[in-house]
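Notes for the one structure printed next.
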Amino acid sequence: MKTRFDKAYIEITNCCNLACSFCGLTVRPRIFMDESDFILVLDRLSGWTKILYFHLMGEPFLHPGIFRFLELAGKRGFSVNLTTNGTLLSERLPGAAAVPSLARLNLSVQSLEQFPPEERIERLRSLVSCVRAFASRQRLVRPDFLSSFRFWTRDDGGFSSPLLEELARAFNPDSSRAGVLTPEILAGRNGFVLSPGTAVHAADTFEWPSLPQPGGEAGGGTAGSENRDTLVRGFCRGLRDQIGVLADGTVVPCCLDRNGDIALGNLLREDLQTILERPRARALYDGFSARRVVEPLCNGCSYRKRFDSKPK
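Using UniProt numbering, read the sequence shown as starting at 1 and increasing by one per residue.
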């Protein structure tokens with residue numbers, strides 16, 4: 001059965017154990033979603049999507065209930081993709097049982113930028129070892145399980161090149177492909193298979209959108225200064241194939257609204273249909289249908305511009 005959204009982001013926590021320059025800061029209070037709220041969010045997303053991501057901001061493996069949440073999502077028919085900075089995997093995954101609901105593990109290699117170059121390689125090797133061990137168990141219950149090393153730094157060869165070469169050697173030590181996985185090879189493509197069930201996914205660096213916060217700070221990224229009625233041309237997939245739920249239940253249109261600037265409602269207090277029928281949600285959706293950007297946050301979003309030339 002076709003669902004309205006291809007995916008929904010449930011931010012089970014907005015806390016993180018790193019402070020990556022890529023993500024910037026969120027001005028929201030730090031919170032961990034509790035189990036009762038998580039169950040309510042699952043129930044209210046039922047029928048709207050089949051795929052969940054357990055983040056928007058935050059490191060999902062910080063949440064003590066993450067494996068319980070995976071179980072609960074699976075019992076309700078959802079598949080789950082996790083995106084992680086990888087720093088906690090060596091303590092969380094070795095003893096973890098295979099999880100049928102977990103379809104994909106995205107490893108944000110960009111988080112290694114904050115470490116010295118020699119430490120990056122050692123951390124990547126540890127990550128490869130940990131992921132391999134877990135994936136071998138996981139694929140017994142989920143043959144389509146994918147481990148993805150995510151390089152959203154395709155345009156930064158100085159950072160990416162040595163790490164890509166290390167991955168190629170790790171997964172193809174005796175192959176002619178070893179040592180030749182470079183940013184140039186990934187130019188114009190978004191993926192490269194390392195081995196069955198393991199891949200590199202690449203994209204160029206982008207800035208997270210944000211609006212000026214109290215005190216005049218933008219919080220990173222590019223702020224949109226126009227009011228909501230400004231007729232800026234543009235398009236985005238927000239509210240078309242995705243939706244986000246922040247840790248306090250706030251519904252946002254996409255995975256890049258890190259501060260809840262486009263708060264459409266709260267899924268802990270009302271159903272999703274009610275939220276989507278509100279004037280602000282309708283204006284955003286109808287605006288993009290007409291190739292108009294009606295939200296200042298969207299106007300300042302560099303990621304949105306990837307869709308401007310693409311069909312609806």
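Glycine included, every Cβ here is placed at the ideal spot set by N, Cα and C.
| Item | Value |
| --- | --- |
| Which partner residues does residue 32 have in the DSSP bridge list? | 13 |
| Counting only beta-carbon atoms, is residue 36 nearer than 8 angstroms to chain D? | This model lacks chain D altogether; it includes just one protein chain. |
| Between the Cα of residue 65 and the Cα atoms of 301, 262, 13, which residue gives the shortest distance? | 13 |
| Would you call residue 233 buried or exposed, if buried means 16 or more other Cβ atoms sit within 10 Å of its Cβ? | exposed |
| In angstroms with no decimal places, state the Cα-to-Cα distance between residue 291 and residue 235. | 5 angstroms |
| What is the residue span of the alpha helix (DSSP H) that residue 274 lies within? | 272-276 |
| Measure the C-alpha to C-alpha separation of residue 50 and residue 79 and round it to an integer number of angstroms. | 6 angstroms |
| What are the boundary residues of the beta strand (DSSP E) that includes residue 105? | 102-108 |
| Residue 303 by DSSP, collapsed to three states: which one? | coil |
| Please state whether DSSP places residue 312 in a helix, a strand or coil. | Note that residue 312 scores 43 on pLDDT, short of 50, meaning its location in the model is unreliable and no value can be drawn from it. |
| Give the C-beta separation of residue 108 and residue 131 to the nearest angstrom, bearing in mind that I take them to be a contact with Cβ-Cβ under 8 angstroms. | About 13 angstroms; that fails the 8 angstroms criterion. |
| Within the same chain, show all residues whose beta-carbon is closer than 7 angstroms to that of residue 171, passing over the 5 residues directly before and after it, in chain order. | 194, 195, 198 |
| Given a cut-off of 8 angstroms on the beta-carbon distance, is the pair residue 202 and residue 138 in contact? | no |
| State the beta-bridge partners of residue 201 as determined by DSSP. | 150, 191 |
| Got a sec? Which residues, its chain only, sit under 8 angstroms from residue 8 by beta carbon, not counting five neighbours each side? | 45, 48, 49, 51, 52, 53, 242, 243, 244, 245 |
| Tell me the rounded alpha-carbon separation between residue 320 and residue 18. | Any property of residue 320 remains undetermined from this structure, which presents the chain solely from 1 to 312. |
| Please classify residue 311: is it buried, with 16 or more other beta-carbons within 10 angstroms of its beta-carbon, or exposed? | Since pLDDT at residue 311 reaches only 44, below the 50 mark, its modelled position is unreliable, and the value read off the structure follows with that caveat. The residue in question, residue 311, is exposed, as its Cβ has fewer than 16 Cβ neighbours within 10 Å. |
| How long is the line joining the alpha carbons of residue 251 and residue 169, rounded to whole angstroms? | 43 angstroms |
| Beta carbon of residue 261, beta carbon of residue 297: below 8 angstroms? | yes |
| Under 6 angstroms Cβ to Cβ from residue 104, same chain only, skipping five residues before and after it: list those, please. | 81, 146 |
| Look up residue 352 in the DSSP assignment and give the residues it is bridged to. | It is not possible to answer for residue 352, since the shown part of the chain is limited to 1 through 312. |
| Please state the DSSP three-state secondary structure of residue 74. | helix |
| For the candidate residues 92, 281, 156, whose alpha-carbon lies nearest to that of residue 253? | 281 |
| With a CB to CB cut of under 8 angstroms and the five nearest residues on each side skipped, what residues in its chain are close to residue 114? | 18, 19, 20, 21 |
| Helix, strand or coil for residue 158, going by three-state DSSP, please let me know. | helix |
| So does residue 15 have its beta carbon nearer than 7 angstroms to some heavy atom of the ligand ADP? | Ligands are entirely absent from the displayed structure, and the ligand ADP is therefore not among its contents. |
| Beta-carbon separation of residue 153 and residue 205 under 8 angstroms? | yes |
| In three-state DSSP terms, what is residue 124? | helix |
| Nearest to residue 140 by CA position, among 118, 33, 124, 101, is which residue? | 101 |
| On the CB-based measure, 16 or more other CB atoms within 10 Å of its CB, does residue 190 come out buried or exposed? | exposed |
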